[in-house]
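Novice: Following this message is one structure expressed as structure tokens.
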Amino acid sequence: MQHKDPLIIGGHEFHSRFILGSGKYSMQLIESAIHDAGAEMITLAVRRANTKEQENILDYIPKGITLLPNTSGARTADEAVRIARLARELGCGNFVKVEIMRDSKYLLPDNRETIRATEILAKEGFVVMPYMYPDLNVARDLVQAGAATIMPLASPIDSNKGLATREFIQILIEEIDLPIIVDAGIGRPSQACEAMEMGAAAIMANTALATAGNLPLMASAFRQAIAAGRNAYLSGLGRVLTRGASASDPLTGFLRD
Amino acid sequence: MVKINGRELNLAGNTLAAYLKTTDFDVKRIAVEKNGEIIPKTQYETTILQDGDCLEVVSFVGGG
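Here the protein sequences come in this chain order: A and B.
Once you know that position 169 of the first sequence is 845 in our numbering, the rest is easy, because the numbers rise by one and skip nothing.
Once you know that position 12 of the second sequence is 59 in our numbering, the rest is easy, because the numbers rise by one and skip nothing.
Here it is in structure tokens:
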């Protein structure tokens, strides 16, 4: 029996620690991905509407799932604020993942503009979840600006390269009182598990699933890895010897004279 | 001319609601911004498009 271990974001209680992306795969797979991931929150993007498109992604997302619109496409705080307001006008709540990129080669977030957008949107009542490059000073500024969580990147978006920023994410986990949600670059369940063992509050993944051979099966693998890592963190990891070995078995009663 | 999602259209004098009726946009699934300001759905009927207006009509798509 699992003990109760809710994740609180902006006053809302979640029991899943896996935030699912919805990019780069078919809408028909979304429902099974959410189900097999055990996800309660899914990210979306805002784009110009297409009059020829008869299907809308919202028709594929089950009721009760929290939508997390992102501000992708924004290059400045002002553009992110504009996209966030449009997302809220679409009528699916007040969560927003602020992501602001000036750099188109590595898609790294612009931390300074992200702080500025976070401050404006938090004042407007948004639950702001800023995507950021893991820097302790920036994370502290984001807390001051009213962020609900901090979402540091593990490695460049879409790269599936894993926890390249491990040490710096660990510092955020130790020093920041908000949930630290590792976002971007997590490519394998083992990497998600490791981040959770370190004390991350949740994992956000998209490409790892979208580019997997079997998306729902990979969603399930992530779900189990995230739960395992969380339990390991809550348990407290066993210690590491600095040298030598230590027997796991009794050192008496050997079958010899 | 009125610019909607980057396309110039001859719509001056029409209401926003009248324009949307001529399209396949699903009004429940869109948000509209005119000259940088969001137009609430309750104002679609009373918003009259004018030459030089710039509109963005957006909806949700898959994203990470």
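Backbone N, C-alpha and C fix where the C-beta goes; we use that ideal spot for every residue, glycine too.
Here the structure is a predicted model, which means the values were calculated and not measured.
Tell me the rounded alpha-carbon separation between Leu931(A) and Asn907(A).
Specialist: Their Cα atoms are separated by approximately 39 Å.
Novice: Any C-beta of chain A sitting closer than 8 Å to the C-beta of Thr70(B)?
Specialist: Output row for Thr70(B): interface = yes.
Novice: Just confirm the distance between the C-beta atoms of Ile85(B) and Arg761(A), as a whole number of angstroms; I'd bet it's less than 8 Å.
Specialist: Contact holds; Cβ gap of about 6 Å.
Novice: Determine, using beta carbons only, whether Gly920(A) and Ala824(A) come nearer to each other than 8 Å.
Specialist: It is not a contact, given that the beta carbons lie outside the stated cut-off.
Novice: Could you spell out where the beta strand (DSSP E) holding Pro738(A) opens and where it closes?
Specialist: Premise fails: Pro738(A) is in no beta strand (DSSP E) and is neither H nor E.
Novice: Mind checking who Ala109(B) pairs with in its DSSP beta bridge?
Specialist: The sequence as given places Gly at residue 109(B); Ala does not occur at that position. The partner list for Gly109(B) (beta bridge, DSSP) reads Leu720(A).
Novice: Do you know offhand how far Ala725(A)'s Cα is from Leu63(B)'s?
Specialist: Taking the straight line joining both Cα atoms gives about 15 Å.
Novice: For the region 764–784 of chain A, enumerate the residues whose C-beta is nearer than 7 Å to any C-beta of chain B, in chain order.
Specialist: Correct list: Glu765, Leu766.
Novice: Using 10 angstroms around the beta-carbon of Met677(A), count the other beta-carbons present and answer buried if the total reaches 16, otherwise exposed.
Specialist: Note on Met677(A): pLDDT 48, under 50, position unreliable in the model; the coordinate value appears next. Label assigned to Met677(A): exposed.
Novice: Apply the 10 Å Cβ neighbour rule to Ala709(A) and answer buried if 16 or more other Cβ atoms are within range, or exposed otherwise.
Specialist: Buried, since its Cβ has 16 or more Cβ neighbours within 10 Å.
Novice: Just to make sure I have the definition right: I need the residues of chain B whose C-beta is within less than 7 Å of the C-beta of Ile684(A). Which are they?
Specialist: Under the 7 Å cutoff, chain B gives no residues; its nearest Cβ is about 23 Å from Ile684(A).
Novice: Contact defined as beta carbons within less than 8 Å: I believe His691(A) pairs with Thr742(A). What is the distance between those atoms, to the nearest angstrom?
Specialist: So it is not a contact: roughly 12 Å between Cβ atoms.
Novice: According to DSSP, simplified to helix, strand and coil, what is Glu775(A)?
Specialist: Here Glu775(A) sits in coil by DSSP.
Novice: For my contact list, Asp811(A) and Asn787(A) are in at a C-beta cut-off of 8 Å; report their separation, rounded to the angstrom.
Specialist: Indeed they touch by this definition, with Cβ atoms about 6 Å apart.
Novice: Which residue's Cα is closest to the Cα of Gly769(A): Ser866(A), Leu744(A), Thr790(A), Ser780(A)?
Specialist: Nearest C-alpha to Gly769(A): Leu744(A).
Novice: Does DSSP classify His711(A) as helix, strand or coil?
Specialist: Helix at His711(A).
Novice: Return helix, strand or coil for Met703(A), following the three-state DSSP convention.
Specialist: Met703(A): helix per DSSP, three-state reduction.
Novice: If I measure Cβ to Cβ from Gly749(A) and keep anything under 7 Å in the same chain, skipping five residues before and after, which residues do I get?
Specialist: The residues are Ile759.
Novice: Under 8 Å, Cβ to Cβ, is there at least one residue of chain A near Gly109(B)?
Specialist: Interface residue, yes.
Novice: Applying a beta-carbon distance threshold of less than 7 Å, which residues of chain A neighbour Asp73(B)?
Specialist: Asn732, listed in chain order.
Novice: Should Asn672(A) go down as buried or exposed, given a rule of 16 or more other Cβ atoms within 10 Å for buried?
Specialist: Since the first and last residues shown for chain A are 677 and 933, residue 672(A) lies out of range.
Novice: Can you tell me the Cα-Cα spacing of Val108(B) and Asp71(B), whole angstroms?
Specialist: Each residue's Cα considered, the two are about 16 Å apart.
Novice: Helix, strand or coil: which one does DSSP assign to Ile51(B)?
Specialist: Here Ile51(B) sits in strand by DSSP.
Novice: Is any beta-carbon of chain A found at less than 8 Å from that of Glu55(B)?
Specialist: No, Glu55(B) lies away from the interface with chain A (no Cβ there is under 8 Å from its Cβ).
Novice: Please compile the residues from chain B whose C-beta is within a distance smaller than 8 Å of the C-beta of Lys700(A).
Specialist: Chain B residues near Lys700(A): Gly109, Gly111.
Novice: Would you list, in chain order, the members of the region 833–846 of chain A that have their beta-carbon closer than 9 Å to a beta-carbon of chain B?
Specialist: Within the region 833–846 of chain A, the qualifying residues are Ile833, Asp834.
Novice: Name, please, each residue of chain A whose Cβ falls closer than 8 Å to the Cβ of Glu92(B).
Specialist: Correct list: empty, because the minimum Cβ distance to chain A is about 17 Å.
Novice: Assess, as a yes-or-no matter, whether the region 694–706 of chain A is touched by the region 874–886 of chain A under the definition of 3 or more beta carbon pairs within less than 8 Å.
Specialist: Output reads yes: the region 694–706 of chain A touches the region 874–886 of chain A.
Novice: So, at 6 Å on beta carbons, what are the nonlocal neighbours of Ser911(A) in its own chain, with the 5 sequence-adjacent residues on each side left out?
Specialist: Excluding residues within five positions, none has a Cβ falling inside 6 Å.
Novice: Report the neighbours of Asn52(B) on chain A: residues whose CB is nearer than 7 Å to its CB, in chain order.
Specialist: By Cβ distance, chain A contributes Arg724.
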